[in-house]
Amino acid sequence: MPRGGKKGHKGRGKQFSNPEEIDRQMKEQKRLEETAGAEKGSSSESEDSSSEDDYETKKRSGVEGLIEIENPNRVSQKNKKVTEIDVSAPRELSRREREEIEKQKSKERYMKLHNEGKTDQARADLARLAIIKKQREDAAKKREDLRKAEEAKGKP
């Protein structure tokens, strides 16, 4: 079966780079980096900047070393020293954390109002409780009256 299925192959064929060409480009780039490093070494710069440059050149590998790419979506991790970290600064909460805190606060607010009897549900509950108390009192009176009536019948 032809490449690409029954309908045939769409698009171009893959083009591969020549390994000798890649080696030549990498050697030329290393030579350029060495000359740039020698120029930086002769100037009076701190060791921190040169160690960061070394880190960046080591990090690149493959095609990434050949092509300069500025990707705005790629965020490079910057290591912070312990002395640079500001513990006293307020940490920003994520959306989920903020929503969870708001949910807890609203629940607490509702329970406070509910306990005070200011919500509709609390009023309905209190009315239901009043009706149940009244029914129980009536039932207790009836039982008491029946007991007294039986005692009155049993005594004569």
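Using numbering that gives the first Met the number 0, the first residue of the sequence shown is number 0, and each one after it goes up by one.
Each residue gets a CB set at the ideal place from its N, CA and C atoms; glycine is no exception.
#### Entry: Straight-line gap, Arg11 to Glu19 (C-alpha atoms, nearest Å)
23 angstroms
### Query
Between which two residues does the alpha helix (DSSP H) carrying Lys147 extend?
119-153
### Message
Closer than 8 angstroms is the cut-off here; do at least three beta carbon pairs connect the region 19-37 with the region 72-81?
### Response
no
### Query
How many angstroms separate the CA atom of Ala126 from the CA atom of Ile84?
58 angstroms
### Query
Is the CB-CB distance between Ala123 and Leu112 below 9 angstroms?
no
### Message
Whole angstroms are fine: how far does the CA of Glu69 sit from the CA of Ser75?
### Response
12 angstroms
### Task
State the start and end residues of the unbroken alpha helix (DSSP H) segment that holds Glu101.
94-115
### Query
Distance, Cα to Cα, Lys6 vs Lys13?
19 angstroms
### Query
Can you tell me the Cα-Cα spacing of Asp22 and Arg73, whole angstroms?
27 angstroms
### Query
So what's Glu19 in DSSP terms, helix, strand or just coil?
helix
### Query
By DSSP, does Arg30 sit in helix, in strand, or in coil?
helix
### Query
In the structure shown, what three-state DSSP assignment does Ser43 receive?
Annotation note: pLDDT 48 at Ser43 (below 50); position unreliable, coordinate value reported separately. Ser43 falls in the coil class under three-state DSSP.
### Rounded separation between Pro71 and Leu65 - CA only
19 angstroms
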